[in-house]
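Chains H and F are the protein sequences, given in the same order. The numbering of the first sequence is the numbering used here, which starts it at 31 and goes up by one. The numbering of the second sequence is the numbering used here, which starts it at 25 and goes up by one. Working notes, beginning with the structure itself.
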Amino acid sequence: MSQSKGRFGVHGGQYIPETLMNAINELEKAYNHYKDDPEFNRELTQLFNEYAGRPSLLYYAEKLTKELGGAKIYLKREDLNHTGSHKINNVLGQALLAKKMGKTRLIAETGAGQHGVATATAAALLGMECVVFMGEEDTKRQALNVYRMKLLGSEVIPVTTGTATLKDAVSEAMREWTKRISDTHYCLGSVMGPHPFPTIVRDFQAVISRESRQQILDKEGRLPDAVIACVGGGSNAIGSFYHYIPDENVRLIGCEAAGRGIDTFETAATVNTGKIGIFHGMKSYFCQDEYGQIAPVYSISAGLDYPGVGPEHAYLHDIGRAEYVPVTDDEAVNAFEYLSRVEGIIPAIESAHAVAYAMKLAPTMDKDKIIIITISGRGDKDCAAIARYRGEDIYE
Amino acid sequence: MSNIRKAFENGKAFIPFITCGDPDLETTAKVVRAAADAGADLIELGIPFSDPTAEGPVIQGANIRALAGGVTTDKIFDFVTELRRDVKIPLVFMTYANVVFSYGGERFMSRCKESGIDGIILPDLPYEEKDEFSDVSKKYGIDMISLIAPTSEDRAAMIAKDAEGFIYIVSSLGVTGVRSEINTDISRIVKVIRENTDVPCAVGFGISEPRQAQKMAGISDGAIVGSAIIKIIEQYGKDSPYYVGEYVRLMKEAVSGV
């Protein structure tokens, strides 16, 4: 009798080629050992605090709160982490784990380039070889991040297959892993893929809500009424939600990239427009046609431009514990500009999706309510693309 | 008894892989008949998938061409029904889990039975996940073909014990595609299989030349070739049936010479 592991309700599992099964089992075994190992946790905490700049600030956005005229808004500032996004949390954990497992080489996929940059950074710090797969389309949208990865000593391989975006970068990284397993760890960047990745990545990202929960209790003496984060694969969102899941009065809101709208074909809002399927190692929701062919998706944000969502999000949606709302390109770009102007904080275009929804929600809530928005990354990387969106051509 | 066993009653088996609808179903039908006439013992029919993560560039290309040509799972079932009027050798599907899942496991397997498909290979459905479809595949008598890889190690015995149809031995690490050399100790894997089951086993991934096929069939029950055939179809398009037939004849002779 076979046994399926890593389930979140019906979602999750391990739908991968036999060639990778022992590598995945070895990873699971190593993770189960090290996650409770005091020495591993001491080293990781030290990297978080001394290298990545944790804990990240929970900042009361007073001006934003007043402008919107409703709930009190706090920003969880993952953009202030070293390398400029939440991606470093997961990468430091996985790279340290890989090193303990005797691996000498990291491979990764990247969309916006934030995970690629974070992986390249950890590889440089820990003295590991690094190869990053990035859709050719994204290497153009995020040329600066390609340069950063190379500067950090990584090789960047542009992926030309399929839609030449994040999904194809994941496929290509998986193909590469089946070619070279013994010395290589696939440092997956989101809470997706086969078990144990959704659990490992969640646990490393859960530092976000572990900190924010304590920070809001210190500042306000109570829990927030809503936590809002953007969702592509869903790693910053699950990290932002995780420690609030048992607190049923805290609304958990994931903001999906609707692109040009969920009533168009140019969207990446998986929970809102997809259906259940099996892809990239997991059962979850995917944008696909009636025959199960994965749909080409679209978003202005290279980091949210993915046709699936992590299995734990699919489960939180099924049981009604979290809400997943669509946010369009237009709304996200407006929020990108708005937060920059009002608070002097330029958010990543991914995070701007969460800000956009908060701009709609906050005014409908009473002034004694509290919202936490996770600013998953900083927006420097997006300035050229947003300028282009507004019809202005600037040199990067 | 599984119909697939017939493929292994003609000496060593030669098993070609063909993507349905590349470049169109009319050509695929001619290619399948040419391969069968030339001595193919079993044919793997690929149902194209948009994102075939176990395939190298050659078969990825075939998937893209087939989907661009408008082929669908329904059209492929109709195509197999038509093929079955004269093609008697065992036929198995090779596709990805989502193609079956989205069609509905039971509906998919029942249509396999109706149209005359004998088995199915799903490279992204490992042993631990086979319960996804195993109840319905058993119900309709469709063999779920297991894969064993060079990295399977202690898993090989477990997989072999539950195997049905035939066992697909993956010759090397990585994705499908032509390789100049195969360095895996296949004999060792075959030994484990023989100790655990009498289900036949054939070797695939990277085989393109007669001498490789002969060597691999020599240590197992047959050889599987995909990318080398897809390359012929890519090169000759609608004229490819003749060339595929000639190639299959050459390869069947090579494996028979063992």
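C-beta: ideal position from N, C-alpha, C; glycine also. Predicted model only: the values in this text are computed from it and were never measured.
Any C-beta of chain H under 8 Å from that of residue i
i: S26 (chain F); result: no
i: F41 (chain F); result: no
i: L91 (chain F); result: yes
i: R179 (chain F); result: yes
i: Q236 (chain F); result: no
i: V249 (chain F); result: no
i: Q259 (chain F); result: no
i: A184 (chain F); result: no
i: Y127 (chain F); result: yes
i: T18 (chain F); result: This structure cannot settle anything about residue 18 (chain F), because the visible part of chain F is limited to 25 through 282.
i: V123 (chain F); result: yes
i: I172 (chain F); result: yes
i: V202 (chain F); result: no
i: Y271 (chain F); result: no
i: G242 (chain F); result: no
i: V279 (chain F); result: no
i: G189 (chain F); result: no
i: L115 (chain F); result: no
i: V104 (chain F); result: no
Where residue i falls, given that 16 or more other Cβ within 10 Å makes a residue buried
i: L247 (chain H); result: exposed
i: T394 (chain H); result: exposed
i: L107 (chain F); result: buried
i: H63 (chain H); result: exposed
i: E139 (chain H); result: buried
i: P276 (chain H); result: exposed
i: E320 (chain H); result: exposed
i: G311 (chain H); result: buried
i: P81 (chain F); result: exposed
i: N279 (chain H); result: exposed
i: A82 (chain H); result: buried
i: S242 (chain H); result: buried
i: Q44 (chain H); result: buried
i: Q76 (chain H); result: exposed
i: R171 (chain H); result: buried
i: V124 (chain F); result: buried
i: A241 (chain F); result: buried
i: A92 (chain F); result: exposed
i: N87 (chain F); result: buried
Minimum Cβ-Cβ distance from residue i to chain F less than 8 Å
i: K35 (chain H); result: yes
i: G192 (chain H); result: yes
i: T297 (chain H); result: no
i: F309 (chain H); result: yes
i: T208 (chain H); result: yes
i: K59 (chain H); result: no
i: I46 (chain H); result: yes
i: S201 (chain H); result: yes
i: A53 (chain H); result: yes
i: R420 (chain H); result: no
i: M204 (chain H); result: yes
i: G43 (chain H); result: yes
i: I211 (chain H); result: yes
i: Y321 (chain H); result: yes
i: S32 (chain H); result: Residue placement at S32 (chain H) is flagged as unreliable, the pLDDT there being 49, under the threshold of 50; the coordinate-derived value follows with that caveat. Yes, S32 (chain H) counts as interfacial toward chain F.
i: Q172 (chain H); result: no
i: F38 (chain H); result: no
i: I230 (chain H); result: no
i: T300 (chain H); result: no
i: Q318 (chain H); result: yes
i: H49 (chain H); result: It is Thr, not His, that sits at residue 49 (chain H) in the sequence shown. Chain F contact via Cβ: present.
i: I324 (chain H); result: yes
Rounded Cβ spacing between residue i and residue j (contact assumed at less than 8 Å)
i: M164 (chain H); j: V186 (chain H); result: 6 Å
i: I183 (chain F); j: I166 (chain F); result: At roughly 18 Å, the Cβ-Cβ gap does not stay under 8 Å, so I183 (chain F) and I166 (chain F) are not in contact.
i: T49 (chain H); j: A173 (chain F); result: 4 Å
i: V161 (chain H); j: T113 (chain H); result: Incorrect: roughly 18 Å between the Cβ atoms, too far for contact.
Counting only runs of 4+ residues fully inside the stretch 169-250 of chain H, write out the alpha helix (DSSP H) ranges in chain order.
-> Runs found: 173-181, 196-209, 227-235, 237-250.
Under 7 Å (Cβ pairs) to chain H, residues found in the stretch 134-168 of chain F | Within the stretch 134-168 of chain F, the residues whose Cβ lies closer than 7 Å to any Cβ of chain H are, in chain order, P147, D148, L149, P150, Y151, E152, E153, K154, D155.
Every unbroken beta strand (DSSP E) within the stretch 35-123 of chain H, with a cutoff of 3 residues, ordered by chain | Counting only runs of 3 or more, we get 41-45, 88-90, 102-107.
If you scan the stretch 164-215 of chain F from start to end, which runs of the alpha helix (DSSP H) of 4 or more residues do you find wholly inside it?
-> The stretch 164-215 of chain F contains these whole alpha helix (DSSP H) runs: 179-185.
Return the chain-ordered ranges of every beta strand (DSSP E) run that is complete within the stretch 372-421 of chain H and spans a minimum of 3 residues.
-> 400-405, all fully within the stretch 372-421 of chain H.
Relative to chain H, which residues along the stretch 75-90 of chain F have a C-beta separation below 7 Å, given in chain order?
-> Those residues of the stretch 75-90 of chain F that come within reach of chain H (Cβ to Cβ, closer than 7 Å) are D75, T77, A78, Q84.
Give, in chain order, every residue of the stretch 110-133 of chain H whose Cβ lies closer than 7 Å to some Cβ of chain F.
-> Answer set for the stretch 110-133 of chain H: empty.
Taking Cβ-Cβ distances below 8 Å as the criterion, which residues of the stretch 95-106 of chain H are in contact with chain F?
-> Legend: CB atoms of the stretch 95-106 of chain H lying less than 8 Å from CB atoms of chain F are not found in any residue.
At a Cβ cut of 8 Å, what residues of the stretch 220-233 of chain F count as close to chain H, listed as they run along the chain?
-> Answer set for the stretch 220-233 of chain F: empty.
Where the stretch 389-405 of chain H meets chain F: residues whose CB sits under 9 Å from a CB there = Result list empty, no residue passes.
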